[in-house]
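Working notes, structure below.
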Amino acid sequence: MRSLVDTVLARLGASDRLGLALMRVAVAVIFLWIGALKFVPYEADSITPFVANNPVMSLFYKHPDQYRAHLTREGQLVPAERAWQTENNTYGFSTGLGVVELTIGTLVLLDPISVPLGFLGALLAFLTPFVTLSFLVTTPEAWVPALGDAEHGFPYLSGAGRLVLKDTAILAGGLLILADSARSLRRKLAARSQKRGAVETKGVTVAAE
């Protein structure tokens with residue numbers, strides 16, 4: 403029994419490379435899937451509170467202070483609100499954000515083909531959660547509102563807040579794949595430098611002869 407446990411633990415302990423590969427795929431899938439959804443109106447509508455309350459992102463909206471009056475539920479179609487969101491540049495901003503997220507996801511997956519591009523993707527994937535986690539500070543809808551129940555405000559996360567909090571896992575996963583890409587890039591640069599040094603040494607030797 404002890405031998406079996408030791409074997410299982412040994413194999414699990416040696417699965418870190420597989421874990422890193424799966425983490426890279428997981429991070430890429432998240433960015434690619436959610437990035438693709440940014441082109442769909444319901445997803446663009448759902449991020450309106452986050453964007454409208456962000457001091458930088460809100461600059462891309464025409465009427466960020468009016469968003470509360472035009473919110474709709476997922477799956478609900480209200481033509482008047484859809485028209486307002488269009489005029490507010492809600493969908494234009496969401497499309498741009500989708501392009502960014504699709505780019506990050508693609509770069510993350512390109513690591514086996516191009517180490518520098520994979521490193522760039524991992525870096526962007528690691529940095530992105532710092533932006534999204536800031537929504538916990540800037541977005542009132544991230545917390546349970548005071549509607550009569552005793553539990554509201556901090557630390558009672560709303561559905562939107564719980565969704566944002568999960569980005570801490572993307573932050574950790576991004577750091578793992580960033581470290582892996584950094585090691586690969588360092589090896590690649592070292593090999594290139596060594597090869598260049600060998601060529602220069604050979605040239606000096608030939609000249610001396």
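Residue numbers (our numbering): 403 to 611. Heads up, the beta-carbon is just placed ideally off N, CA and C, and yes, glycines get one too. This structure is a prediction, so every number in the text was calculated from the model and none was measured.
For residue i versus residue j, is the C-beta distance shorter than 8 Å?
i    : j    : result
F452 : T530 : no
G576 : V429 : yes
Y469 : A454 : yes
L504 : A438 : yes
T450 : L473 : yes
Check the DSSP bridge columns for residue i and list the partner residues they point to.
i    : result
W545 : L559
For residue i, is the classification buried or exposed, using 16 other Cβ atoms within 10 angstroms of its Cβ as the cut-off for buried?
i    : result
D447 : buried
F433 : buried
Y558 : exposed
K597 : exposed
L406 : exposed
E489 : exposed
D467 : exposed
V442 : exposed
Return the CA-CA distance between residue i and residue j, expressed in angstroms with no decimal places.
i    : j    : result
L573 : I436 : 16 Å
S417 : K568 : 24 Å
L420 : F556 : 38 Å
A471 : E553 : 25 Å
V458 : S536 : 12 Å
W545 : T534 : 15 Å
W486 : H465 : 9 Å
F532 : G415 : 30 Å
L511 : G550 : 47 Å
L525 : M403 : 44 Å
G561 : I515 : 38 Å
S595 : R588 : 10 Å
G477 : L411 : 46 Å
K440 : S496 : 5 Å
L578 : P481 : 44 Å
T492 : V539 : 21 Å
R484 : G498 : 18 Å
V502 : A527 : 11 Å
L346 : A548 : This structure cannot settle anything about residue 346, because the visible part of the chain is limited to 403 through 611.
L591 : L424 : 25 Å
R475 : E543 : 14 Å
D513 : L479 : 41 Å
V427 : T570 : 17 Å
I506 : G500 : 10 Å
F462 : R564 : 25 Å
V566 : N456 : 14 Å
R413 : G494 : 49 Å
A408 : S460 : Residue identity differs from the one stated: residue 408 is Asp in this sequence, not Ala. Their Cα atoms are separated by approximately 55 Å.
Is the segment 511-526 touching the segment 576-585, taking contact as three or more C-beta pairs under 8 Å? yes
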